[in-house]
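Counting from 1 along the sequence shown, just add 25 to a position and that's the residue number in my numbering.
What follows is a single structure, written as structure tokens, with notes after it.
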Amino acid sequence: MIQNADHTYPIPSNLPAIAAAEKLLEAGVGFQVQVLSAASRLQIESFDFLMRRCQQQVRLVGDLVGSAGSNDALDVIGDFVRVAKIDYAAEVSTMLMIGSKLASEAAHRIREEAASGLNDMAARTVA
Numbered sequence: 026m027i028q029n030a031d032h033t034y035p036i037p038s039n040l041p042a043i044a045a046a047e048k049l050l051e052a053g054v055g056f057q058v059q060v061l062s063a064a065s066r067l068q069i070e071s072f073d074f075l076m077r078r079c080q081q082q083v084r085l086v087g088d089l090v091g092s093a094g095s096n097d098a099l100d101v102i103g104d105f106v107r108v109a110k111i112d113y114a115a116e117v118s119t120m121l122m123i124g125s126k127l128a129s130e131a132a133h134r135i136r137e138e139a140a141s142g143l144n145d146m147a148a149r150t151v152a
């Protein structure tokens, strides 16, 4: 339906081009919602990761100050780098999983839209 301030105008649903355009718009909006959802998940995950890394860097400074008397600063830095490498690898894995899930959902949605479109064309051909 098309609306303005005074009237509501019904869209004629018996025209195939209008029905196809409506389905295309719905599919486009659905895909945009899916992309925005994935983008927000990526941002939340990135923010969480950055917060953890900042906390570990602050902890590193404290550990370095605490290790000044015992001369094991090299061990503290080595542990920090080891944990950082593991964290970065895990974060890349998480980001790739989110991207993979988005691609899988998009492929599933496109498959459904294609099947729906073919069914609509078949129904119009029979009618």
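For glycine and all other residues, C-beta sits at the position ideal for the given N, C-alpha and C.
Use the C-beta contact count for V101: other C-beta atoms within 10 angstroms, 16 or more gives buried, fewer gives exposed.
buried
For the structure I just gave you, are there three or more beta carbon pairs, one from the segment 64 to 76 and one from the segment 132 to 142, closer than 8 Å?
no
In angstroms, rounded to a whole number, what distance separates the CA positions of R84 and S65?
29 Å
Using the Cα positions of R78 and G87, report the straight-line distance between them to the nearest angstrom.
14 Å
Considering only residues of the same chain and omitting the five flanking positions on each side of Q59, which have a CB-CB separation below 8 Å?
L127, E130, A131, R134
Where does G55 fall in DSSP's three states?
helix
Going by Cα to Cα distance, which pick from L61, D104, L99 is closest to Q81?
D104
Once you ignore the five residues that flank A63 on each side, which residues in its own chain have a CB closer than 7 Å to its CB?
I123, L127
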